[in-house]
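Engineer:
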Amino acid sequence: MRFPVGVALIVVSTAAVAHGQERDRYVLLAAARTGTMQEEINTAAATGYRVIAASRTEGSEVVVVLEQNPDKYLYRLIATTRTGTLQREINEAAEAGYRVMPRAVTTKRTSGGNLTRALGGNTRDEGELLILMEKGPEAAPPRSTRCLPPGARARCRKRSVRPPSTATSCWRS
Numbered sequence: 510m511r512f513p514v515g516v517a518l519i520v521v522s523t524a525a526v527a528h529g530q531e532r533d534r535y536v537l538l539a540a541a542r543t544g545t546m547q548e549e550i551n552t553a554a555a556t557g558y559r560v561i562a563a564s565r566t567e568g569s570e571v572v573v574v575l576e577q578n579p580d581k582y583l584y585r586l587i588a589t590t591r592t593g594t595l596q597r598e599i600n601e602a603a604e605a606g607y608r609v610m611p612r613a614v615t616t617k618r619t620s621g622g623n624l625t626r627a628l629g630g631n632t633r634d635e636g637e638l639l640i641l642m643e644k645g646p647e648a649a650p651p652r653s654t655r656c657l658p659p660g661a662r663a664r665c666r667k668r669s670v671r672p673p674s675t676a677t678s679c680w681r682s
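Each residue of the sequence shown is one higher than the last, beginning at 510 in this note's numbering.
1) Anyone know if the C-beta pair for I561 and M642 falls short of 8 Å?
2) Please name the residue in T615, E647 and D533 whose C-alpha comes closest to that of S569.
3) Three Cβ pairs or more, each shorter than 8 Å: is that satisfied between the segment 569-580 and the segment 534-541?
4) Count the other C-beta atoms from every protein chain shown that fall within 10 angstroms of the C-beta of T590, then say buried if there are 16 or more, exposed otherwise.
5) For a quick check, are the C-beta atoms of Q577 and R532 less than 8 Å apart?
6) Compare the C-beta of G593 with all C-beta atoms of chain C and state if any pair is closer than 8 Å.
7) By how many angstroms is the C-alpha of L639 removed from the C-alpha of Q547?
8) From G593, R542, G645 and K644, pick the residue whose C-alpha is nearest to that of T566; which is it?
9) So, under 8 Å CB-CB, E637 and K617 are touching, yes? Tell me the CB distance rounded to an integer number of Å.
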């Protein structure tokens, strides 16, 4: 039942921003296409909104919640089914000053997908992994990111390995 309410909020929020009326504190965006979502997020960000969270719907859409913010932000939405491609694209965006938003990492349902198979999941339900990255007024220093295979996080905990301060991965000390 939450989805119809979300659709109503999208229409009301988008109409208010488009007609120059008093701005809403929050804007809710929903799109099935990654390119469309990227454009909508950056359009809302240019009018003074900042992403606070993202999630998928029961269908193939992704929902992004934005909050009014005085600073200007840019966003890059990365979507792929391959972890190698994901790691490369995240690191390229990080070199350009973007950082991963922890509350904006989700999946998008498609039919099948290499990522789902690699994670041992149900290949009928999920496909692309979506990661939203943010670039603020003061760009963060570049970070190195590694995409770890399933179970690697638990192995890191068992070895009590601490990553270097400039990396977000499992490294041997």
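Note that beta-carbon positions come from the ideal geometry of N, C-alpha and C, so glycine has one too. Keep in mind it's a predicted model, so treat the numbers as computed, not measured.
Structural biologist: Answer, in terms of the structure:
1) As a first step, residue 561 is located in the sequence shown; it is residue number 52 there, counting from the start. As a first step, residue 642 is located in the sequence shown; it is residue number 133 there, counting from the start. Going by C-beta atoms, I561 is not nearer than 8 Å to M642.
2) For the purposes of this step, residue 569 is taken as the residue at position 60 of the sequence shown. Nearest C-alpha to S569: T615.
3) yes
4) By 1-based counting over the sequence shown, the position of residue 590 is 81. Under this definition T590 is a buried residue.
5) In the sequence shown, counting from the first residue as 1, residue 577 sits at position 68. In the sequence shown, counting from the first residue as 1, residue 532 sits at position 23. Yes, these two residues count as a Cβ contact at 8 Å.
6) Among the chains of the structure shown, chain C does not appear; only one protein chain is present.
7) For this step, residue 547 is matched to residue 38 along the sequence shown. For this step, residue 639 is matched to residue 130 along the sequence shown. One C-alpha to the other measures close to 11 Å.
8) For this step, residue 566 is matched to residue 57 along the sequence shown. Comparing Cα positions, the closest option is R542.
9) Here residue 637 is taken as the residue at index 128 of the sequence shown, counted from 1. Here residue 617 is taken as the residue at index 108 of the sequence shown, counted from 1. Indeed, because the Cβ distance is near 5 Å, the residues count as touching under 8 Å.
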